[in-house]
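Residue numbers (the numbering used here), protein chains in the order written: chain A, 4 to 361; chain B, 4 to 361. Even glycine gets a Cβ: it sits at the ideal position worked out from N, Cα and C. The structure displayed is predicted, hence computed values, not measured ones.
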């Protein structure tokens, strides 16, 4: 509290990120980071850019990166917006596009940052409950509400909404903007990027943090028709025009250029995820079918909170949400095969111990 | 224009940064960049951080960098806020602290981003004219207004307000926040950082872009008492918690660690500035006494716009502002001695040519 705070500050409920402990030998499966290194070409490009030119401002428009992304997705340059992480891109989207007279609609269970942005920007919103099976029912969004945002695949459930459902939502609501937050889409087959040219009311937001193993570099982007992008640019250029530093710009371009590396490692994570899901089931877990780089699972008898704490004692950190409907689930990021095997072994021991003690 | 824009977006007047042409052999003296490379230790620290750990999120609190800055300025950890450039830090300050019922006061001539933030965040403001000699008269800020912000040294004038004047302003207005934007303070002897412990109503904002030659890395910070800093943190953590990437954090720490390099290059720029100012005067310029890494000057006979255009033809870019009171001045960043000599030579030729043709 301070007499110097603006009124707004008092009302905020800031986001609490997953913890980032800096311990050695920790198996860290709590913030959906990629277990594999970024492409060597990314590291090379950053090294090359680490020189005396850092004294100069970066290109405020980041044209090189925008063109790379536009080419990659077969879009025009003016259909690409880039920002310092998808969190920042989402923030600009809330302010530039999602703040409307009608309340913004999003699922009650999704990226927990959405209500935080709404408080920051004074946006009315209405949370639509996920169905009993945790799915997003698009019929529930056909109300009198305003714009719509959700993550697809959704977090922390990992469930993906089929593309034809998204197309249906877009077609039936041409006057309402739909923002799809695709932080995890590269681990699925459900990206809506291919719908951008056809739908004036679609904005897709992505990040390099997960699928391109660059959480440390803070690069996100949005794809949509030119008028949506120029709205984002107006807000960004009223806040900080040089949002992306020279190293992030160089590394991000290289991440798109090395497509073989990207595809190979996405496949590896998907394979591990599918195997791990099967093995979790054999340990008595119910596992939601995941289209992301994490799984959302609950055990048939042992409470999630106990499992979370027991794993922590074994230096394995997963994510636990102390919230209604979620509080008996664990969200487990997909690590390497070896990490997941260690986790399965530890879970086996923990669950077995319980069997003996009862 | 777009039917999907929020009302706010229509009313924005985004900032227009100085141009960043990517031509070879250009003498670029238009955006106050440092002419010298960053410390080799900065490049080394970034290279060391360019590794597989980029797959992981950075520390959202940036504790390592905050501690380094706190130690450097002999402040507490909770008196330091860090952000992705001082533009972002200023943006958070406008939203968290400078948005009050009473209008925000700032000079009519100062960093031209201030009114842009006010539009973005819906802040009432009143611009106080600089005195006839372009100085800030602190008596002019003793009105019924709210908080105060100005750059010191001011931009684009380069003039610095004496520290005892700032102390006087703080003491006479203990209920009003005063934000000093010190982007250029390292080139002067007028930093207000030493006043932070004594004045609850002072926030100082600085950047690594100019004096530490890291415009390409995007790192800024604010220093103030703990309640001011926590207000900034609340807004930042409602917008994007991981604002600084891992490479920027590593490079910024090294920039403070190599204090000898920093001090040496600041001195070199100050020396060049003072010599260059004298030589400009000999060419018939009136030069404001600069405490920054640029000078603000007008020629006794040749219009600034013509000089700007003539220099451009010679591949020398300086900054020209087409605004009342400023439109007969050039803002010239201080480059290397060699660059400034080339500029002086070209100016000599341009002005001499005019003498022959009249």
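Residues that residue i bridges to, as DSSP identifies them
i, result
"residue 13 of chain B", "BP columns for residue 13 of chain B are empty, so no partner."
"residue 110 of chain A", "A:131"
"residue 207 of chain B", "B:183 and B:226"
"residue 31 of chain B", "B:320"
"residue 333 of chain A", "A:300 and A:323"
"residue 152 of chain B", "B:182"
"residue 91 of chain A", "Note: residue 91 of chain A sits in no beta bridge, so no partner."
"residue 289 of chain A", "A:301"
"residue 83 of chain B", "B:226"
Residues near residue i by beta carbon distance below 6 Å, same chain, minus five either side
i, result
"residue 48 of chain B", "253, 254 and 257"
"residue 1 of chain A", "The structure shown does not extend to residue 1 of chain A, since chain A is modelled only from 4 to 361, so the question has no answer here."
"residue 68 of chain A", "85, 252, 255 and 256"
"residue 107 of chain B", "101, 126, 128, 149 and 150"
"residue 203 of chain B", "228"
"residue 41 of chain A", "216 and 217"
"residue 109 of chain B", "117, 152 and 153"
"residue 329 of chain A", "none"
"residue 338 of chain A", "32 and 38"
"residue 75 of chain B", "259"
"residue 346 of chain A", "319"
"residue 88 of chain A", "221 and 223"
"residue 164 of chain B", "139 and 155"
"residue 157 of chain A", "113"
"residue 44 of chain A", "257 and 261"
"residue 317 of chain A", "349"
"residue 188 of chain B", "194"
With 16 other Cβ atoms within 10 Å as the buried cut-off, status of residue i
i, result
"residue 135 of chain B", "exposed"
"residue 307 of chain B", "buried"
"residue 29 of chain B", "exposed"
"residue 91 of chain A", "buried"
"residue 348 of chain B", "exposed"
"residue 423 of chain B", "What the structure shows of chain B is the stretch from 4 to 361, and residue 423 of chain B is not part of that stretch, so it cannot be assessed."
"residue 26 of chain A", "exposed"
"residue 287 of chain B", "exposed"
"residue 147 of chain A", "exposed"
"residue 305 of chain B", "buried"
"residue 193 of chain A", "buried"
"residue 351 of chain B", "exposed"
"residue 236 of chain A", "buried"
"residue 167 of chain B", "exposed"
"residue 11 of chain B", "buried"
"residue 219 of chain B", "buried"
8 Å Cβ shell around residue i - same chain, five flanking residues per side excluded
i, result
"residue 291 of chain B", "137, 160, 161, 162, 298, 299 and 300"
"residue 239 of chain A", "84, 86, 95 and 246"
"residue 342 of chain B", "30, 32 and 38"
7 Å CB neighbourhood of residue i in its chain, flanking five on each side removed
i, result
"residue 80 of chain B", "69, 70 and 73"
"residue 122 of chain B", "14, 15 and 16"
"residue 57 of chain B", "249"
"residue 332 of chain A", "299, 300, 301 and 307"
"residue 314 of chain B", "321 and 349"
Cutoff 9 Å: residue i Cβ touching any chain E Cβ
i, result
"residue 343 of chain B", "This model lacks chain E altogether; the protein chains it does include are A and B."
### Within 8 Å of chain B by C-beta, residues of the region 210 to 223 of chain A in sequence order
212, 216, 217, 218, 219, 220 and 221
### Task
Mind checking the region 225 to 238 of chain B against chain A and listing, in chain order, the residues whose C-beta falls within less than 8 Å of any C-beta there?
230, 231, 233, 234, 236, 237 and 238
### Query
Between the region 315 to 323 of chain B and the region 33 to 50 of chain B, do three or more beta carbon pairs fall short of 8 Å?
In the pairwise beta carbon analysis, the region 315 to 323 of chain B is classified as touching the region 33 to 50 of chain B: at least three pairs are separated by under 8 Å.
### Query
In the region 103 to 121 of chain B, which residues sit with their C-beta less than 8 Å from some C-beta in chain A, listed in chain order?
103, 119 and 120
### Message
Residues of the region 54 to 71 of chain B in Cβ contact with chain A at a cutoff of 8 Å, in chain order, please.
### Response
54, 55, 56, 57, 58, 59, 60, 61, 62 and 63
### Query
What residues in the region 14 to 32 of chain B have a beta carbon less than 7 Å from any beta carbon of chain A?
15, 17, 18, 20 and 23
### Query
Between the region 50 to 59 of chain A and the region 172 to 186 of chain A, do three or more beta carbon pairs fall short of 8 Å?
Too few Cβ pairs lie closer than 8 Å, so no.
### Task
Determine which residues of the region 166 to 200 of chain A have a Cβ less than 8 Å from any Cβ of chain B, and write them out in chain order.
178 and 180
### Task
With 7 Å as the limit, tell me which residues of the region 247 to 268 of chain B have their beta carbon closer than that to any beta carbon of chain A; keep them in chain order.
248, 249, 250 and 251
### Message
Along the region 85 to 104 of chain A, where does the CB come closer than 8 Å to a CB of chain B? Name the residues.
### Response
87, 88, 90, 91, 94, 98, 99, 100, 101, 102 and 103
### Query
What are the residues of the region 267 to 284 of chain A that lie near chain B, defined by any Cβ-Cβ distance shorter than 9 Å?
none
#### Entry: Chain-ordered residues of the region 33 to 50 of chain A with a beta carbon less than 8 Å from chain B
So the close ones are 34, 36, 37, 38, 39, 40, 41, 45, 46, 49 and 50.
### Task
For the region 287 to 321 of chain B, enumerate the residues whose C-beta is nearer than 7 Å to any C-beta of chain A, in chain order.
none
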